[in-house]
Each structure stands twice: as structure tokens, then as C-alpha cells.
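Asker: Shown below is the structure under consideration.
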Amino acid sequence: MLRSSPLRCGTRALCRVPASSTPSHLSRDISRRASYSTSNGAEPKTQTWCRTCVGASVLLSGLALSIFLTRPSTSSHDKKSRSSSKYASPDEVKTAISALRSALKPDQVLTDPDVLLSYGSSDNTYHHSSPHAVVVLPRSTEDVIEVVNVARQYRVPIVPYSGATSLEGQFAGFKGESICIDMSGMDKILAIHKDDADLVCQAGARWEDINETLKDKGIPLFFPLDPGPGATIGGMVGTGCSGTNAVRYGTARGEWFLNLTVVLPNGKVIKTKRRACKSATGFDTTKLFIGAEGTLGIVTEATLRLAPVLPTRVALAQFPDAEKAVSAVQEILLSPYGSNMQCIEFLDENSMISFTSFETTYLTFYPSASCSLLNVSPDGYPLADPADALLQAAGHVGHDRLRGSAAGSVKTIAGAHSGSNFQFARTDEEAESLWEVRKYALVATLGWRQQGDRLWTTDVCVPVSKLPELVYETQKDMNEHGVTATIVGHVGDGNFHSFMLFHDDKELEKVSAAVHRLVHHAIDLDGTCTGEHGVGLGKKEYLVGELGEGTVELMRSIKQTIDPLNIMNPGKLYPDPSEVANKAVTRDKAV
Amino acid sequence: MSRASDDGKGPTAYGSPEDFKRAVQEMQATFPTEGVVSTHPDDLFAHGFSTNVYHEGIPHSVVVYPQSTEDVVKIVKIANNYRMPVVAYSGATSLEGHFIGTKGGGICVDMSGMDKILEIHESDSDLVCQPGVGWVEINHALKEQGIPLFFPIDPAPTATIGGMLSTGCSGSETINSMESFLLDTHHTPANAVRYGTAKGEWFLNATVVLPSGEVIKTRQRSRKSSAGFDVTKLFIGAEGTLGIVTEVTIRLAPVVPTTVATAQFPDVRSASEAVIEILNHGVGIQCVELCDAAFMEATNLHGPSGRKYAVTDHLFFKLQGPTQASLKETARIVQEVAKKHGGSSFKVAKNDEEAEDMWADRKNAHYSSLLWGGEGTKAWATDVCVPISKLPELVYETQKDIERSGIKGPIVGHAGDGNFHSLLLFKTDEELVKVRDLVHRMVERAIAREGTCMHGEHGVGIGKREFLYEELGEGTVKLMKKIKKTIDPLNLFNPGKLYPDAPKSKSSSGDGH
Ligand SMILES: Cc1cc2nc3c(=O)[nH]c(=O)nc-3n(C[C@H](O)[C@H](O)[C@H](O)COP(=O)(O)OP(=O)(O)OC[C@H]3O[C@@H](n4cnc5c(N)ncnc54)[C@H](O)[C@@H]3O)c2cc1C
Ligand SMILES: Cc1cc2nc3c(=O)[nH]c(=O)nc-3n(C[C@H](O)[C@H](O)[C@H](O)COP(=O)(O)OP(=O)(O)OC[C@H]3O[C@@H](n4cnc5c(N)ncnc54)[C@H](O)[C@@H]3O)c2cc1C
């Protein structure tokens with residue numbers, strides 16, 4: 002899909018080459034990721050350091066052996082660390098690293114400083130970041146168990162890492178003393194059960210690769226969760242992601258993950274469920290790991306439910322303002338054709354303007370219109386002739402009578418809400434290119450104003466009916482405070498993102514304040530501080546406001562139960578970093 | 019984690035009979051209004067037994083009828099003070115002994131009085147209600163008010179939102195699943211069954227009174243949130259063992275035109291094979307139900323519509339589409355595929371009334387079958403689920419096994435989910451033995467095919483506890499127990515349900531499998 006895109010640009014987000022120093026499977030990785038990149042000028046850097054890392058790791062593998070020889074006996078160490086401070090001291094971390102080297106192959110353990118730094122930070126976020134002490138590249142569930150056991154034994158924090166596309170600092174290092182476990186090398190598809198519409202894969206498999214593989218094999222099924230390009234199954238479980246397809250297919254929190262193989266902090270492996278689709282076997286522990294951001298266990302394998310591929314079409318309508326656009330969407334979703342909508346995306350005026358800097362081959366944008374709306378529809382009902390209508394559908398022949406009815410209906414609804422400049426992608430290529438415009442909204446924004454701009458992306462979700470108000474208020478707020486930003490959204494779900502641009506610290510301050518106002522506003526409207534990007538470091542502070550102290554406390558006690566030593570991705574997700582110490586206090590207050 | 023609390027029993031942990039007496043008195047003092055606290059033997063008995071299940075009942079010590087979240091908090095606080103078990107009770111339709119009393123006594127909290135719909139947000143497609151309201155009432159209220167939305171989860175007609183959330187119920191069994199597929203589908207699509215979000219995203223949030231007496235609201239009302247793992251999901255399927263739900267926001271689905279069709283098949287195997295192919299067509303199937311010959315015989319005698327069907331294996335389809343023309347087209351495609359698999363006598367309902375009649379016949383399976391068994395018949399309803407490709411073989415073998423045993427056991431199933439039920443009828447103890455063996459073999463066959471041996475949908479209760487280890491593996495069960503222990507350290511909430519005792523022999527399924 003990406004290959005045919007007329008848009009070739011990327012932030013480092015899209016072309017990061019984090020796992021660069023590993024062997025074989027990752028060289029493919031590198032070229033693949035690099036292919037996301039081109040214009041914007043940000044990437045050369047990436048490619049350079051990737052070369053550096055390769056050199057470095059060769060060197061290091063030589064060192065591994067000698068360190069191994071000095072490894073202390075483990076049992077005595079265990080006792081010692083229990084009595085001392087909570088996490089391993091720098092020396093102990095060193096010992097842990099040599100333990101890792103002996104447990105794994107030399108080329109699976111990386112300590113080049115550049116690598117450690119790059120694995121610990123993300124250009125997508127402006128949250129506090131820190132390098133890791135070591136990066137490990139497991140190849141099997143057994144490898145992961147080894148790593149977890151070492152981490153537990155020496156009390157070294159362990160941070161799962163995979164596609165590295167998460168946006169809230171989820172995989173940042175822990176004070177330079179963490180083990181980063183890069184799962185992206187475990188990317189095999191293990192079994193495809195076509196008749197059962199499910200697929201078993203390792204956690205590092207990318208959703209795009211999975212879909213491409215299915216396509217290559219001629220299997221008319223796909224996995225509909227579609228977060229950032231490059232995201233992997235493990236990370237998608239980790240953040241509980243969604244994507245544009247959520248209108249029709251829901252999110253990671255639904256039933257798309259049929260079961261997970263998870264290595265728990267105690268080194269035990271569980272499989273959360275059997276493969277059968279329905280099960281009423283008590284509460285579903287699979288769900289504990291969805292959105293846990295690697296704080297409860299490391300996913301090594303997953304069974305995914307697949308959906309049948311249905312032909313889709315893309316259309317665009319423009320509206321004078323967000324309110325009109327949203328009300329049109331609501332009416333479309335509630336109409337009998339509502340279920341035919343796969344995605345409905347909203348782009349505000351600024352977004353449309355930002356796209357004018359892009360070459361698009363097929364469609365014309367009218368950047369002066371206030372709001373636009375894209376949507377795609379698949380479905381069991383062939384409804385429209387692609388040449389003259391809005392919606393298209395899965396082709397059974399002989400559906401002539403139906404042609405045009407959905408299209409007509411949707412067009413009429415849009416019209417009734419002042420929609421205009423109706424455009425319909427006439428061919429698959431047109432549709433694809435139009436859709437990619439939405440996928441690259443972030444990139445377009447980044448390149449919009451001036452060289453060297455950076456952006457803060459944020460993500461809130463409110464009940465759909467509250468969306469116009471929130472968009473309106475946000476636009477107003479940003480105008481008043483002189484923040485340049487675009488707003489795009491999965492409008493069918495009440496979810497939107499704002500990409501706020503900044504150039505220097507002063508602007509960053511403004512942006513940061515705007516983000517805070519936005520999040521609080523969303524929570525006031527019965528919404529959430531994070532529709533899909535998760536909590537990580539970035540949204541921790543809002544969690545209590547949104548969920549209430551009681552719920553957060555419940556999450557903490559579950560964390561404490563499963564990971565009593567707090568070695569799994571500490572500092573993320575759960576608010577109050579010194580939670581353990583303060584626990585008694587908060588409890589008292591809550592009761 | 020200590021062994022003793024592992025099996026959730028620790029007899030010494032609970033209050034003495036004296037303590038319980040004082041707890042009841044305190045409850046009476048707290049809720050002086052007539053009828054809120056009941057110790058009438060009939061009441062205690064009625065709440066501790068179920069005619070739907072073969073499990074032995076146990077009466078409760080007291081039944082309380084709270085009216086608000088605050089009432090529930092007060093009850094839970096008293097339970098804490100006197101270390102008295104608490105069992106939530108609502109529609110009382112669960113089938114695995116979920117709400118029977120606790121040995122030694124306990125409080126039954128009857129939530130059925132908290133049955134108000136609090137808010138309907140038509141433009142957000144959601145609804146806020148108390149847990150005692152039934153899904154039927156909700157759908158009725160929506161229809162009355164002319165709101166073209168409905169709640170698609172449809173277990174027993176008198177089941178309530180609180181009970182449905184707590185059993186993680188998914189659709190329907192005897193009552194059938196039409197909309198269970200819908201539910202599976204996140205907004206109704208063509209290939210409904212394949213889109214499944216069964217325990218998916220229908221419960222947006224819940225207000226829960228925890229065993230500590232603390233009240234939490236799991237989430238806000240927005241449709242999506244990725245604020246950490248979703249603790250709402252902890253309570254779905256927890257069977258009242260982790261908290262008492264006092265308010266729920268549910269998501270609604272748009273009403274779409276539907277019709278009903280039936281087709282006859284030479285055997286259950288070819289019928290199930292047809293299902294698989296039809297689903298792959300991506301046409302507008304809302305649900306497809308397998309009904310075997312035995313069930314058709316029962317229906318001919320006792321079905322609510324009085325219609326007569328050929329006594330042979332059938333598929334019942336609920337078709338859906340935006341227009342009448344699209345419904346017709348779907349019917350045509352379904353008929354074609356059915357024919358290919360030996361299907362015949364394809365019938366589409368002529369009008370809505372006929373469609374309703376036909377569907378009612380399917381929905382009434384539980385009761386028609388019971389009547390078919392004659393006076394004094396009891397039924398063991400059981401339910402397995404396998405990956406759909408394994409279904410044809412499994413149903414076929416099960417049906418043959420039932421026939422061989424001489425037991426009457428109609429089979430109906432949500433074929434599209436790989437899920438089917440058999441209602442094994444018995445009167446005598448000898449028959450019960452045969453039934454038990456049949457169930458056992460059925461479960462084994464399902465497990466051997468990567469299925470779930472428990473109910474695909476009826477939950478665990480006490481009936482299925484013993485299978486949990488086999489089904490989920492020791493590691494996962496341990497994890498569940500750990501969580502139970504964290505949230506309910508005194509094991510006050512619905513003790514003895516859901517979590518199995520540690521397996522006798524250590525040898526069985528390890529952590530990993
Ligand atoms: C351009 C762009 C667009 C995006 N659009 C969307 C969108 O539409 N919707 C959306 O939801 N998100 C979106 N995202 C965010 C991101 O793609 C998602 O959060 C995605 O789920 C992250 O997957 P990943 O493989 O990159 O995970 P990572 O970033 O590597 O990790 C994410 C989290 O999961 C944990 N983790 C990783 N692997 C495992 C494992 N095996 N076991 C346990 N924990 C693990 C990590 O510790 C971390 O906490 C977008 C990002 C970008 C850059
Ligand atoms: C004829 C018939 C057909 C059925 N068909 C189906 C079917 O198709 N699919 C299916 O999944 N099930 C089916 N069932 C089973 C049953 O309807 C479901 O399990 C239903 O979800 C139970 O709801 P209830 O309100 O009756 O709950 P109850 O039976 O009252 O309680 C069920 C459990 O939930 C707990 N509970 C109740 N209320 C609360 C609360 N407020 N907070 C916390 N815990 C609570 C109870 O302690 C108990 O453990 C059927 C049953 C019958 C009799």
C-alpha cells in the first residue's frame with residue numbers, strides 16, 4: 002500500500018532504525034524503514050548512526066566473553082540486592098549485563114552508547130527521555146524468559162520495545178539503568194488458519210507485514226487495527242491501539258487479540274486463552290495486557306482474529322465548520338448505511354492548507370474550505386457505481402437495483418449539513434492516494450511552516466456529540482494563544498489528534514500549556530486524555546483526573562500483585578513514580 | 019500467596035453464626051424500610067436455588083434489596099465488619115450455579131430493584147443504566163421512544179445488564195443469538211460473525227463497589243480510551259467475585275432491517291460446512307443458527323408459532339441489509355451456497371410477522387425442548403466452542419454420540435461462532451449418569467480441537483470450575499486467583515464460584531503449554 006504512495010516523506014518516526022545493529026532480519030528492517038523516508042531532511046542522521054551501530058556491535062560481541070567469566074554466583078547476589086536499594090546499582094547493572102551475555106548469544110546484547118540512547122528516546126515525543134543500560138534482541142520466548150529472570154534477579158528495570166512508534170514516551174529508558182528488550186526481531190507469522198479467520202504470530206510482527214503476507218498468499222483476510230506505520234503486534238497490545246478502521250472494526254480492546262503468550266515478571270509463561278473464539282471462562286486476563294504498556298508482562302506470541310477483505314472506496318466532502326461535519330457523520334452512522342463505513346476521518350482547515358505543500362496526483366483540495374471529511378466504505382452491498390457515486394461495496398454481481406442508493410443517501414446527508422465539493426476516488430489508485438494523505442497528516446503538518454519545526458502530537462477522545470464543541474474551543478484557544486496546529490481525527494469515534502508545531506523553547510511552553518488545556522477540557526466533557534496513544538510518560542498526570550483515584554489505585558494494586566518488584570517498565574503509565582512509598586498515604590485519603 | 023486462600027476457602031476467615039446474626043441486625047437497622055432486608059425463608063430459598071440448573075442450591079442468610087450505590091456500599095461495609103460473604107443476584111438466569119448461597123451463610127444482594135435507565139444519548143449511541151434493568155426492557159424503551167438503536171446482547175429474556183456483564187455473556191443460547199453476532203460485529207456488518215468483539219466494547223464503563231467498600235467508575239463515557247489497561251474488563255465475566263456493579267454505560271447499535279430464512283440439510287456436518295462458506299462471502303448475515311432434527315421435532319410439538327418444520331437438520335438465518343432489495347440479494351446468495359452443500363427447501367419469511375414467528379421458534383429452544391422431555395424432565399444445558407473449521411466434525415460426532423446413548427438431546431448452535439449447545443434431557447439418576455458421560459465426552463472432544471470446554475458463553479459459576487485449569491492452564495488461573503486475592507483479600511465476594519481449587523495432582527497442564 003505504501004509503495005504506491007505519491008507521498009514520500011517521513012519524520013524519523015517513520016524511518017527510525019533502532020534495531021539497526023542486529024543481523025539478518027534487521028537489514029530488511031533497515032531498508033524497509035528507510036523507504037518511508039525521503040524529503041523533510043530529517044533522516045540522513047538516522048542512516049548514519051545506523052551504520053555506526055553495526056560497527057559497534059561487532060566490537061562488543063568480542064567483549065562479551067571476558068565479562069562472562071567474572072559473573073558472580075547468582076544466589077548470593079539475590080540476597081544482597083534485596084537488602085540494598087530498590088534497583089540494581091550501576092555495578093550490579095554491569096553484572097546483569099554480563100549475565101545477559103552468557104544467557105544469550107553475543108550479537109543479541111548491545112551496549113553501544115548511540116544505540117542505548119536511540120532506543121531510549123523518540124523523536125515523536127518531548128517527554129523526558131533517558132538511555133538504556135543495555136539492549137537485548139531476543140529470538141524466542143525462551144530468550145525472553147532468560148532476560149526477565151536476569152532482570153528480576155538483579156533488579157534491573159526492563160522496558161519492552163518493538164515498533165517504537167508510540168507517542169507518549171512509552172519506551173524511554175529508566176535513568177540509564179534499564180534493559181531494553183527489543184521484540185521486533187521476533188516477527189514471524191507462525192500459522193494462518195484461513196477457515197477460522199485467525200493467525201498466530203510472534204509479537205514483533207508488523208500489522209502491515211501481516212496484511213501484506215495475507216495479500217501475497219491470496220488470502221482474502223486482513224487484520225484491521227491500523228495504528229502508525231511500523232507498529233507491531235506487541236506494541237499494539239501494549240498501547241491498546243486503534244486506528245482509522247476503528248469506526249467499523251473497533252479497537253485493540255475488542256476481540257481482535259484472541260489470546261496472548263506472555264512472560265510474566267516472575268519468569269512464568271502464560272497463554273491467556275485457547276484459540277476458540279468465544280469463551281466465558283471468567284474474566285479475560287488477555288485484557289489485562291492490552292494497554293498495560295509493557296508494565297505487566299512481555300507478550301511473545303499472539304493469536305489474532307482476522308476480518309474478510311472487502312473492497313473499499315474513498316470520498317471527500319467539505320464542510321464550513323467542524324460542527325456541520327460532525328453532525329453529518331452522526332447522521333450517516335445512524336443511517337442504515339452506518340455499518341458500511343470503515344473509516345471516517347476529519348481534517349481541519351489547517352490540515353487542508355498543510356497538504357497543499359504536497360503533490361497529490363489525483364485529487365484537488367480546496368484549502369479554503371473549513372473542514373473536510375474523508376471516508377471509506379466497504380461492505381456486503383454493492384451500492385454505487387464508482388464512477389458517479391460515493392460509496393462502493395463488495396461485489397456480488399447482480400446488484401444493479403441497489404446502485405446509487407447508499408451513495409445517494411450519504412451525499413444527501415452531507416448536503417443537508419452544508420457539505421460541498423464532493424469528490425469520489427474513481428480508481429483504486431486514486432482511493433489509495435487520497436487515503437494516504439490522511440495517513441501522512443502528521444508529516445504534512447511537520448513540513449508545513451518552516452524548516453526545523455517539531456511537533457507535539459496529542460490525542461483525546463470524547464463522546465461524539467461533544468466533538469464539535471471541543472474542536473471549536475480548541476481551534477479558538479490555539480488562535481488566541483498563537484499556537485500553530487492542525488487537527489485531524491477519527492471522527493466516527495469522537496477521537497481527535499492535534500499536531501502542534503513549535504520551533505523553540507518558548508513555543509514549546511505555549512504548546513505545552515495548550516495541550517494541558519485541551520486534555521482537561523476533554524476530560525470535562527466526559528472524555529479521555531488518550532483515545533489511542535496510551536499513557537506512557539506523557540499522560541500520567543491526567544490519569545487520576547480521568548479515572549478517579551479508586552480506579553487508578555486498583556490498577557496500581559494489580560501492577561503490584563503481578564510485578565511486586567516493579568521491574569517491568571517502571572515509571573510509565575501509573576501516576577506518581579514513588580507510588581510504592583506513598584501507597585499507604587493515598588489509601589488513607591481514598592477511604 | 020498462601021495456599022489456604024488459594025482455594026478461596028479458609029473457613030476460619032468468616033464470621034461466626036453470632037457475627038452473622040449481628041450483621042443481619044445491623045442491616046435491618048441501617049435499612050428500616052419494610053421489605054429492604056428480608057429473612058423470610060421463602061425469599062432465602064428462592065434466591066439460593068435455580069430451576070435452570072442441576073447444581074444443588076444453598077439458601078442465603080439474608081436477602082437485601084438496595085436502591086442505590088450508597089446502599090450497596092453500606093451493605094458491603096457491614097459484610098466487611100462481620101466477615102460475611104456477599105453474593106450479588108439479579109436476573110437469576112445464569113446456568114452454572116452462579117448465585118447460589120454460601121455454605122455457612124451469607125448476604126444475597128438482590129440488584130433487580132436498581133432497574134432504571136438513567137440517560138439515553140442517542141447521538142453518541144450509548145445509554146447509562148442501573149444494573150438491574152433487563153436488556154429486553156432497554157430495547158423496549160428505545161423502541162417506544164422511537165430511537166433507532168438497540169442493545170444487541172440477548173441472553174435469557176429476563177437477564178439483566180449487571181448479570182450479563184458479570185457472566186461475560188455473549189449472545190444467546192436457547193434464545194438465540196441473532197444479535198449476538200451483531201454484538202460480535204461492532205456495528206452490524208455483513209460478515210457479522212467474523213467481526214467479533216463479543217466481550218468486546220459493549221460495556222463502556224461500570225460503576226463498581228469493590229469488596230473494600232470503595233466505589234470506582236472504571237472509565238469515562240467516550241468510546242475509545244487507551245488510558246492503561248481497562249479495568250472494566252476485569253469485572254466482565256468475574257461473576258460478582260471482584261465487585262458489585264451499580265451503574266453501567268452500554269453502547270448501542272443501529273437497528274437495521276432484517277428477515278429470517280431457513281434451509282434443510284441432510285446432516286449437521288453439511289449444514290456447518292455451508293455456514294463456513296456463507297460467512298466467507300461477506301454477505302449480510304446477522305446470525306446463522308444450527309438446529310438439529312431433534313430440536314425440530316420438539317419445536318413441531320411445542321414451538322410458540324405452531325409452525326411445522328421437516329424433522330431434519332436445519333439452518334436458521336437472520337439476514338440483514340439496508341434495503342429490502344439488498345435482503346433479497348443476500349437471500350439469493352445464501353440459498354445458492356446452501357444448495358451447494360446439499361441444502362434444500364430454502365424458505366424466506368414473507369413478512370415481518372412470519373420472520374418473528376420463525377425466530378421465536380428458534381429462541382424458545384430451551385423451553386420447547388424441556389416440554390418435549392415430558393413431565394418431570396430436567397435438562398443439562400451445555401455449551402462448547404471450537405475454531406469454526408472444526409465445528410462440522412464436532413457437531414456431527416456429538417449428535418451421533420447422543421443418538422447412541424438413547425438420551426434426548428436437541429442441539430442448537432451459534433454456528434457462525436463455532437459455538438453450539440446441547441440440552442441433554444433426563445428424568446432418572448441413571449439417565450443423569452449417561453448425561454454426565456456425554457457432557458464429559460463432548461468437552462474432551464472440544465478441547466482436543468483447541469476449543470473451549472467450558473461454555474463458550476455460560477460462564478464458570480460452580481458448574482465449570484473444575485475445567486478451568488485444563489482450559490486456561492495453571493499460570494493463567496493462578497494469575498486470576500492472584501487478582502482475586504488482591505481485590506478481595508477476605509474472599510467475601512461470591513466465594514466458592516469461578517476460581518477452581520488447586521488441582522489435586524501437580525502433573526496436569528503446566529504453566530506454559
Ligand atoms: C505516524 C503515526 C501515526 C499513528 N497513528 C496511530 C493511530 O491511528 N492509532 C493509534 O492507536 N496509535 C497511533 N500511533 C501510535 C503508535 O503507532 C501505537 O501506539 C502503536 O500501538 C505502537 O506500536 P509499536 O510496535 O510501535 O510499539 P512500541 O512503541 O515499541 O511500544 C509501545 C508500548 O508497548 C510496549 N511493548 C512493546 N512490545 C511489547 C511486547 N512484546 N510485550 C509487552 N509490551 C510491549 C512498550 O514497552 C511500550 O510501552 C501512531 C504513531 C505514528 C508515529
Ligand atoms: C433460557 C436461557 C437462555 C440463555 N441463553 C444464553 C445465551 O444465549 N448466552 C449467554 O451468554 N447466556 C445465556 N443464558 C445464561 C444467562 O442468561 C446469562 O448468564 C445472563 O448473563 C445472566 O444474567 P442475570 O441477570 O440473570 O444474572 P444472574 O443469574 O442474576 O447472575 C449472574 C452472575 O452475575 C453476578 N451478578 C449479578 N448482578 C451483579 C451485579 N450487579 N454486580 C456484580 N455481579 C452481579 C451474580 O453473582 C452471578 O454470579 C441463558 C439462560 C437461560 C435460562
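Residue numbers (our numbering), protein chains in the order written: chain A, 2 to 592; chain B, 19 to 531.
Heads up, the beta-carbon is just placed ideally off N, CA and C, and yes, glycines get one too.
Here the structure is a predicted model, which means the values were calculated and not measured.
1) Quick check: is any heavy atom of ligand 1 less than 8 Å from the C-beta of residue 234 of chain B?
2) Please determine, among A:330, A:198, A:505, A:494, the residue with the shortest C-alpha to C-alpha distance to residue 484 of chain A.
3) Measuring alpha carbon to alpha carbon, tell me which residue in B:147, B:355, B:463 is nearest residue 267 of chain B.
4) Report the option in A:470, A:211, A:230 whose CA atom is closest to the CA atom of residue 322 of chain A.
5) If we require 3 or more residues per run, which beta strand (DSSP E) segments fall completely within the region 133–182 of chain A?
6) Is residue 244 of chain B near ligand 1, in the sense that its beta carbon is under 8 Å from a heavy atom of that ligand?
7) Mind pulling the chain B residues with CB within less than 8 Å of residue 531 of chain A?
8) Distance, Cα to Cα, residue 388 of chain B vs residue 183 of chain A?
9) Can you check whether the CB of residue 438 of chain B is closer than 9 Å to the CB of residue 412 of chain B?
10) Would you mind reading off the limits of the alpha helix (DSSP H) that contains residue 463 of chain B?
11) If the cut is a Cβ gap below 7 Å, which residues of chain B does residue 254 of chain A touch?
12) Which chain A residues are close to residue 166 of chain B, counting only those with a beta carbon under 8 Å from its beta carbon?
13) Tell me, please, whether the CB atom of residue 212 of chain B is closer than 9 Å to any CB atom in chain A?
14) Expressed to the nearest angstrom, what Euclidean distance is found between the alpha-carbon atoms of residue 572 of chain A and residue 538 of chain A?
15) CB of residue 162 of chain A to nearest heavy atom of ligand 1: below 8 Å?
16) Give, in chain order, every residue of the region 251–276 of chain B whose Cβ lies closer than 8 Å to some Cβ of chain A.
17) Under 9 Å between C-beta atoms, does residue 292 of chain A make it to chain B?
18) Does the Cβ of residue 58 of chain B have 16 or more other Cβ atoms within 10 Å, making it buried, or fewer, making it exposed?
19) Check whether the Cβ of residue 187 of chain B lies closer than 8 Å to any heavy atom of ligand 2, and answer yes or no.
20) Using a beta-carbon distance below 9 Å, is residue 340 of chain B in contact with chain A?
21) Along the region 482–501 of chain A, where does the CB come closer than 7 Å to a CB of chain B? Name the residues.
22) Alpha carbons only, please: which of A:269, A:222, A:291, A:290 is nearest the one belonging to residue 299 of chain B?
23) If you run the structure through DSSP and keep just helix, strand and coil, what is residue 136 of chain B?
24) Along the chain, where does the alpha helix (DSSP H) containing residue 236 of chain A start, and where does it finish?
25) Please work out which residues of its chain come closer than 8 Å, Cβ to Cβ, to residue 542 of chain A, disregarding the five sequence neighbours upstream and downstream, and give them in chain order.
26) Please classify residue 451 of chain B as buried or exposed, where buried requires at least 16 other C-beta atoms within 10 Å of its C-beta.
27) Please tell me whether residue 193 of chain B has its Cβ less than 9 Å away from any Cβ of chain A.
28) Any heavy atom of ligand 1 closer than 8 Å to the Cβ of residue 228 of chain A?
29) Quick one: which chain A residues come within Cβ less than 8 Å of residue 493 of chain B?
30) Per the contact definition of three or more C-beta pairs closer than 8 Å, is the region 274–289 of chain B in contact with the region 244–264 of chain B?
31) Check each residue of the region 139–165 of chain A: if its Cβ is closer than 9 Å to any Cβ of chain B, include it; give the result in chain order.
32) Roughly how many whole angstroms lie between the Cα atoms of residue 248 of chain B and residue 391 of chain B?
33) In three-state terms, what does DSSP make of residue 306 of chain A?
34) Could you check whether residue 169 of chain A and residue 560 of chain A sit closer than 9 Å to each other, using their CB atoms as the reference points?
35) Using a Cβ-Cβ cut-off of less than 9 Å, list which residues of the region 447–468 of chain A approach chain B; keep chain order.
36) At what residues does the beta strand (DSSP E) containing residue 432 of chain B begin and finish?
Answerer: In short:
1) In the second sequence, counting from the first residue as 1, residue 234 of chain B sits at position 216. No, the beta carbon of residue 234 of chain B sits no closer than 8 Å to any heavy atom of ligand 1.
2) Translated into the one-based positions of the first sequence, residue 484 of chain A becomes position 483. Looking at the Cα atoms, A:505 is the closest of the given residues.
3) Counted from its first residue, the second sequence places residue 267 of chain B at position 249. Considering only alpha carbons, the answer is B:147.
4) Within the first sequence, numbered from 1, the residue matching residue 322 of chain A stands at position 321. Considering only alpha carbons, the answer is A:470.
5) 135–137, 159–162
6) Within the second sequence, the letter at position 226 stands for residue 244 of chain B. True, at least one ligand heavy atom lies under 8 Å from that Cβ.
7) Position 530 of the first sequence holds residue 531 of chain A. In chain order: 243, 244, 245.
8) As a working note, residue 388 of chain B is residue 370 in the second sequence. As a working note, residue 183 of chain A is residue 182 in the first sequence. One C-alpha to the other measures close to 57 Å.
9) In the second sequence, the residue the question calls residue 412 of chain B occupies position 394. In the second sequence, the residue the question calls residue 438 of chain B occupies position 420. In contact: residue 412 of chain B and residue 438 of chain B (Cβ atoms closer than 9 Å).
10) Sequence index remark: in the second sequence, residue 463 of chain B carries index 445 (1-based). Segment 447–466, the alpha helix (DSSP H) holding residue 463 of chain B.
11) By 1-based counting over the first sequence, the position of residue 254 of chain A is 253. 219, 248, listed in chain order.
12) Stepping through the second sequence from its first residue, residue 166 of chain B is reached at position 148. Result: 335.
13) Taking the first residue of the second sequence as 1, we reach residue 212 of chain B at position 194. Below a pLDDT of 50, predicted positions are generally treated as unreliable, and residue 212 of chain B, at 31, falls in that range; the measurement from the model is reported next regardless. Chain A, which has a Cβ nearer than 9 Å to the Cβ of residue 212 of chain B, makes this yes.
14) Position 571 of the first sequence, counted from the start, is the residue given in the question as residue 572 of chain A. Position 537 of the first sequence, counted from the start, is the residue given in the question as residue 538 of chain A. Taking the straight line joining both Cα atoms gives about 7 Å.
15) For this step, residue 162 of chain A is matched to residue 161 along the first sequence. Yes, the Cβ of residue 162 of chain A comes within 8 Å of a heavy atom of ligand 1.
16) 251, 252, 253, 254, 255, 256, 257, 260, 272, 274, 275
17) Here residue 292 of chain A refers to the residue found at position 291 of the first sequence. Output row for residue 292 of chain A: interface = yes.
18) Residue numbering aside, residue 58 of chain B sits at position 40 when the second sequence is read from its first letter. So residue 58 of chain B counts as exposed.
19) Here residue 187 of chain B refers to the residue found at position 169 of the second sequence. True, at least one ligand heavy atom lies under 8 Å from that Cβ.
20) Here residue 340 of chain B is taken as the residue at index 322 of the second sequence, counted from 1. Yes - at least one Cβ of chain A is within 9 Å of the one on residue 340 of chain B.
21) 494, 495, 496
22) In the second sequence, the residue the question calls residue 299 of chain B occupies position 281. Comparing Cα positions, the closest option is A:222.
23) The residue given as residue 136 of chain B occupies position 118 in the second sequence. Three-state DSSP puts residue 136 of chain B in a strand.
24) Along the first sequence, one-based indexing puts residue 236 of chain A at 235. It spans 234–240 - the alpha helix (DSSP H) in which residue 236 of chain A sits, taken as one unbroken run.
25) By 1-based counting over the first sequence, the position of residue 542 of chain A is 541. Taken in chain order, the residues that qualify are 576.
26) Residue 451 of chain B sits at position 433 when you count from the first residue of the second sequence. Exposed, because fewer than 16 other Cβ atoms sit within 10 Å of the Cβ of residue 451 of chain B.
27) Translated into positions along the second sequence, residue 193 of chain B becomes position 175. With a pLDDT of 24 at residue 193 of chain B, under the threshold of 50, the predicted position of this residue should be treated as unreliable, though the coordinate-derived value follows. So no, residue 193 of chain B is outside the interface.
28) Within the first sequence, numbered from 1, the residue matching residue 228 of chain A stands at position 227. Yes, the Cβ of residue 228 of chain A comes within 8 Å of a heavy atom of ligand 1.
29) As a first step, residue 493 of chain B must be located in the second sequence, where it is residue number 475. Near residue 493 of chain B (Cβ distances below 8 Å), the residues of chain A are 265, 269, 270, 271, 272.
30) no
31) 142
32) Indexing the second sequence from 1 puts residue 248 of chain B at position 230. Indexing the second sequence from 1 puts residue 391 of chain B at position 373. Their Cα atoms are separated by approximately 45 Å.
33) Here residue 306 of chain A corresponds to residue number 305 of the first sequence, with the count starting at 1. Strand, per DSSP.
34) Here residue 560 of chain A refers to the residue found at position 559 when the first sequence is read from its first residue. Here residue 169 of chain A refers to the residue found at position 168 when the first sequence is read from its first residue. The answer is no: Cβ separation not under 9 Å.
35) 460, 461, 462, 463, 464, 465, 466, 467
36) Counting from 1 along the second sequence, the entry for residue 432 of chain B is found at position 414. Element bounds for residue 432 of chain B: 429–432.
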